[in-house]
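Residue numbers (this note's numbering): 96 to 446.
What follows is the structure, given as structure tokens:
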């Protein structure tokens, strides 16, 4: 059975919770985590200055991905010939503006204007260690494509923001579209294909597949693409380790640290499979390791949030989550995709 708005909101909220949970431990190793938070590691998000659980650039970029997709859908209502990736690039330039940088090569985009719903959320103007690969790519005079890469980065900055691509029907293949959007900032095939796989997993979960079915089908889709072998092997390893009784710390050593796309996706898949019915346990597992904890937590949170829905998320965490209502609303808007009225067009202008 196709998922409802509870699961759409749950996907984005789950990602945000995993993100904020992992943020305090992103740049310390596992031993340091245990020393700081006790033998069980970090167990709940930490309060920021305003007493809220603060999101990072992972969730910020996920929200602007969603905005770009929703604005592309609004544009499709006027013309079927819409370059969806270019509209998402426009959204990313708006995110870049919130981080204090403007690309002079695209000043005619009007990316710094205050039209639309998302740019009016002042909390998004807070800088939360934005990734250098993304910011430098977005300052270029060219737009990155699958045919013309801007760099050779396979960092996890492409996959961490990809979940919304699997949540909206734009009449195109979600795997292919997610790869195109990944290529806006990342040029290495492993980073690009990782984004495609996450979008496909989320798409399949929203269509009603069970988690293992969605992962298996996403692997089938992945194998149709050139140079899939390294990522395919990494995901297969994650699935195999999830079925084993090996300690998590041993499994992490085999899967990597999550700084690059294939490793981050593999760790998230492993943790989701180890805790398919317990969101809190899954994301706690996903952040207590040596590597890029907020990104692995965010990706695992997207997956488990899509599986389990908003009602399965820890409600006390949600009560303190920064931008909680905005994140939930955008998740629900991805389910709606488009509404033919003036309020919607003001919220998501079609350009």
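Ideal Cβ placement from N, Cα and C applies to all residues, glycine included.
All values derive from a computational prediction rather than experimental measurement.
Please confirm whether residue 259 and residue 161 have their CB atoms less than 8 Å apart.
Cβ atoms of residue 259 and residue 161: closer than 8 Å.
Taking only runs that begin and end inside the segment 186-273, name each unbroken beta strand (DSSP E) of 3 or more residues, in chain order.
Listed in chain order, there is nothing to give.
Starting from the C-beta of residue 218, find all residues in its chain whose C-beta is less than 7 Å away, skip the five residues before and the five after it, and write them out in chain order.
For residue 218, where only same-chain residues beyond five positions count, the Cβ hits under 7 Å are 417 and 418.
Roughly how many whole angstroms lie between the Cα atoms of residue 301 and residue 229?
Computed Cα separation, rounded: 28 Å.
Quick check: what's the CA-CA separation for residue 55 versus residue 159?
Since the displayed the chain opens at 96 and closes at 446, residue 55 lies outside it and no answer follows.
Residue 441: buried (16+ other C-beta within 10 angstroms of its C-beta) or exposed?
With fewer than 16 Cβ atoms within 10 Å of its Cβ, residue 441 is classed as exposed.
Just mark residue 267 as buried or exposed, buried being the case when its beta carbon has 16 or more other beta carbons within 10 Å.
Exposed, since its Cβ has fewer than 16 Cβ neighbours within 10 Å.
Helix, strand or coil at residue 122 [DSSP, three-state]:
Annotated three-state conformation of residue 122 is coil, per DSSP.
According to the Cβ coordinates, are residue 253 and residue 287 closer than 8 Å?
It is a contact, given that the beta carbons lie within the stated cut-off.
Give the secondary structure of residue 108 by DSSP, where H, G and I count as helix, E and B as strand, and everything else as coil.
Residue state, collapsed to three classes: helix.
Within 10 angstroms of the Cβ of residue 96, are there 16 or more other Cβ atoms? Answer buried if so, exposed if not.
Label assigned to residue 96: exposed.
Quick test of your reading: residue 387 and residue 285, contact by CB under 8 Å. State the CB separation rounded to the nearest angstrom.
The C-beta distance from residue 387 to residue 285 rounds to 15 Å, too long to fall under 8 Å, and the pair is not in contact.
Keeping to the same chain, check which residues put their C-beta closer than 7 Å to that of residue 170; ignore five residues upstream and five downstream.
Setting aside the 5 residues that flank it on each side, residue 170 is surrounded in the same chain by 177, 182, 445 and 446, each with a C-beta closer than 7 Å to its C-beta; the list follows chain order.
Would you list the one or two residues that DSSP bridges to residue 148?
DSSP, once it has assigned bridges, lists 142 and 416 as partnering residue 148.
Who does residue 355 pair with in a DSSP beta bridge?
Partner(s): 250.
When 316, 226 and 346 are compared against residue 154, the one with the closest alpha-carbon:
Checking every option, the nearest Cα to that of residue 154 belongs to 226.
Whose C-beta lies closer than 7 Å to the C-beta of residue 343 among residues of the same chain, with five residues either side of it excluded?
Taken in chain order, the residues that qualify are 380.
Where do the N-terminal and C-terminal ends of the alpha helix (DSSP H) with residue 390 fall, by residue?
Boundaries of the alpha helix (DSSP H) harbouring residue 390: 388-403, taken from the DSSP string.
Beta-carbon within less than 6 Å of residue 307's beta-carbon, same chain only, minus the 5 sequence neighbours each way: which residues are those?
Sequence-distant partners of residue 307 (beyond 5 residues in either direction) whose C-beta falls short of 6 Å from its own C-beta are missing from its chain.
Of the residues 330, 400 and 373, the one placed nearest residue 350, counting alpha carbons only
Nearest Cα to residue 350 within the set 330, 400 and 373: 330.
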